[in-house]
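Below is one structure, written out as structure tokens, with a few remarks after it.
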Amino acid sequence: MVLEEDLFSLEVMAVPLPRDFKKPKMEKYDGSSNPVDHLSSKRVKKTAISLMQLVQDKDKLLKDFIARFNRAMLGIKELQMSTVITAMMSGTRNRHFKMSLSKNLPNTMHELLRRGEMYVDAEEAYLITKGMKDEPESNKRKIPGELEPQNNRGKLT
Numbered sequence: 001m002v003l004e005e006d007l008f009s010l011e012v013m014a015v016p017l018p019r020d021f022k023k024p025k026m027e028k029y030d031g032s033s034n035p036v037d038h039l040s041s042k043r044v045k046k047t048a049i050s051l052m053q054l055v056q057d058k059d060k061l062l063k064d065f066i067a068r069f070n071r072a073m074l075g076i077k078e079l080q081m082s083t084v085i086t087a088m089m090s091g092t093r094n095r096h097f098k099m100s101l102s103k104n105l106p107n108t109m110h111e112l113l114r115r116g117e118m119y120v121d122a123e124e125a126y127l128i129t130k131g132m133k134d135e136p137e138s139n140k141r142k143i144p145g146e147l148e149p150q151n152n153r154g155k156l157t
């Protein structure tokens with residue numbers, strides 16, 4: 001009995017490898033240890049260049065970018081503060097945050113993240129107030145005792 005998975009495997013195995021393909025140099029798994037540990041020990045090490053390639057997506061908030069940036073930084077050893085700042089400035093789309101970093105360079109990672117948090121708060125406040133302005137008048141909650149604007153057109157006084 002032939003399983004569908006076997007047919008797929010045969011199709012994959014039938015595809016020729018590129019001429020310049022080089023098999024990864026990895027010792028064969030012998031089954032004596034955790035397979036995840038075996039594979040994770042062979043991961044490519046992250047460098048400062050990978051941090052420089054991080055860019056804030058157009059539709060994403062600064063908060064999301066900073067979180068991604070922090071996760072990417074964790075795997076990089078011997079990272080200089082100047083590289084971190086340069087990568088943050090080149091990756092963010094928030095021009096006010098970028099200008100703040102260029103005018104007054106943070107000295108520590110804590111200072112960089114604190115400043116980023118200030119701009120995240122400002123961005124969130126802006127989005128909230130923008131949402132309130134975009135909300136139609138009929139959907140706004142009325143406060144008891146608040147006077148409604150009077151339409152005086154057509155009335156003679």
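Reminder that position 106 of the sequence shown reads as 106 in our numbering, one-by-one numbering, no gaps. The beta carbon of each residue, even a glycine, is placed where N, CA and C say it ideally should be. As the structure is a computational prediction, the values presented were derived from the model and not from experiment.
Anticipated Cβ contact below 8 Å, residue i with residue j, distance rounded
i	j	result
K46	I76	5 Å
L74	M89	No, L74 and M89 are not in contact; Cβ-Cβ is about 20 Å, not under 8 Å.
M52	A87	5 Å
For residue i, three-class secondary structure by DSSP
i	result
Y119	helix
N104	coil
R19	coil
N94	coil
Y126	helix
V55	coil
D64	helix
Extent of the continuous alpha helix (DSSP H) run through residue i
i	result
I85	M81 to G91
I49	A48 to M52
N34	No alpha helix (DSSP H) contains N34, which DSSP labels as neither H nor E.
Option nearest residue i by Cα separation, candidates the options
i	options	result
S82	M13, H96 and N104	N104
S50	K25, G31, N34 and R71	R71
Q80	I128, N107 and S9	N107
R93	Q56, P18, S32 and K22	Q56
F69	M109, N34 and T129	M109
L113	G31, L127 and A67	A67
Closer than 6 Å: residue i CB and nearest the ligand HEM heavy atom
i	result
S82	Ligands displayed in this structure: none; no statement on the ligand HEM is therefore possible.
- Message: When you compare the stretch 56-68 with the stretch 116-132, are there three or more beta-carbon pairs, one atom per stretch, that lie closer than 8 Å?
- Response: yes
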